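In our numbering, the protein residues as written are 649 to 959.
Cβ coordinates follow ideal geometry from the N, Cα and C atoms, glycine included.
Owing to the predicted nature of the structure, the values given are computational and were not obtained by experimental measurement.
See below for the structure under consideration.
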Amino acid sequence: MDRTPFRFYPKCHSKYPYTDQHRVCNQCLSPEHREDTCEACRAFRSKKTLRDRRARRLQMASTPKGQLDVGEEESISIQWTDSDESESDRTSTVQRTVSKPAPSKTHTKIFKAMGTPPPTGHGLTHRKEGAARKRANSQSSGDAPPPDKESRKFDAAGKRVAAQAANQWRIANSQALLARYDRAHWDEMQHIIQHLPKEHQKRAQQDVEEGQAISNNQIRSALDSADTAAQTVNTAVTIRRHAWLRSSGFKPEIQQAVLNMPFNQEQLFGPEVDTAIEKLKKDTDTAKAMGALYSPQVRGTFRKPQFRGGF
């Protein structure tokens, strides 16, 4: 017998697939035949999977929102409790109890039917979750690196400088907030001096003035740190712009003109700059179109003719 996808029954000579373990066809089966007790029917995992999915879908549609049964030994009980703080800060918390871990697809369908995002924790994770997260993080988010290897090095250096500037900016912001709070604290102390005894008012006034001076110096230091962070951001932008120009394919004079372009709104986003960029784009498109029309044939290598002796 040839190894074909189908073979024939010995009695009725009807064809059936090799994966079917029945000895007779469906028409020849007896009325007492049951799929749940037949070993051949139970071997079809696709039918069993579809039957289980249909049963779970019907169970989710008929079960209340408070409790959903996933299987015989798998159950998820969900309770919504509101916090007692205030009306504006009232949130819903989900308490879950999983007696047996279920597949992640099942949990996703359950929580999607309830309209809430699936929580992460014990029994609700998948073995491929880490790989999926790593693959999602590795995908490009619109900021593609330059194709040139050296340009990618400059681009990575610019990103590191930008991250350092962002951290420095956060530190400067925190310093400014603390200094402002300190200054407000010493200003409040100014109103308490008049309630002190007269022999202690002079000493307290000196302490308050000294604290106010220190707070002012802290605010000035935070402003200087913010200016330094802004200059660091400027450096990061310059490095990444240089990396982009290296792989852009522009002429050297155009690259130099872009490098010397100021960072102000009047000249960087002016109408002359837009006109120059539009003209450059048209010239580039025209050059590409002309290059596509004219494609000279490549000559073959010259071979010196060989003379055979026939004299």
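With the cut-off set at 7 Å, would you say residue i and residue j are in Cβ contact?
i	j	result
A870	P794	no
I841	Q849	yes
Q816	A877	yes
K873	R831	According to the sequence as given, residue 873 is Ser; it is not Lys. It is not a contact, given that the beta carbons lie outside the stated cut-off.
D796	S895	yes
V856	Q879	no
Give every residue of the same chain whose Cβ lies closer than 7 Å to the Cβ of residue i, excluding the five residues on either side of it in the sequence, and list them in chain order.
i	result
A884	G806, V809, A810, A813
I887	F802, A805, G806, V809
V881	A810, A813
E798	R894
L844	A852
Q903	L893
P900	none
If I follow the unbroken alpha helix (DSSP H) through residue i, where does it start and stop?
i	result
R808	797-838
When we look at the beta-carbon of residue i and count the other beta-carbons within 10 Å, is it buried (16 or more) or exposed?
i	result
R702	exposed
I925	exposed
Q822	For the sequence presented, residue 822 should be read as Ser rather than Gln. It counts as exposed.
L928	exposed
A937	exposed
A905	exposed
L907	exposed
L698	exposed
A935	exposed
L706	exposed
Q787	Because Q787 carries a pLDDT of 47, less than 50, the predicted location of this residue cannot be relied on, and the following value inherits that uncertainty. Flag for Q787 reads exposed.
What does a CB cutoff of less than 6 Å around residue i pick up in its chain, not counting 5 residues either side in sequence?
i	result
Q866	A827
G859	W834
R889	none
K930	none
Quick one: residues in its chain with C-beta nearer than 8 Å to the C-beta of residue i, no 5 flanking neighbours on either side, listed in chain order?
i	result
I819	S873
Q. At what residue ranges does the region 866-906 contain a whole run of the beta strand (DSSP E), taking only runs of 3 or more?
A. none
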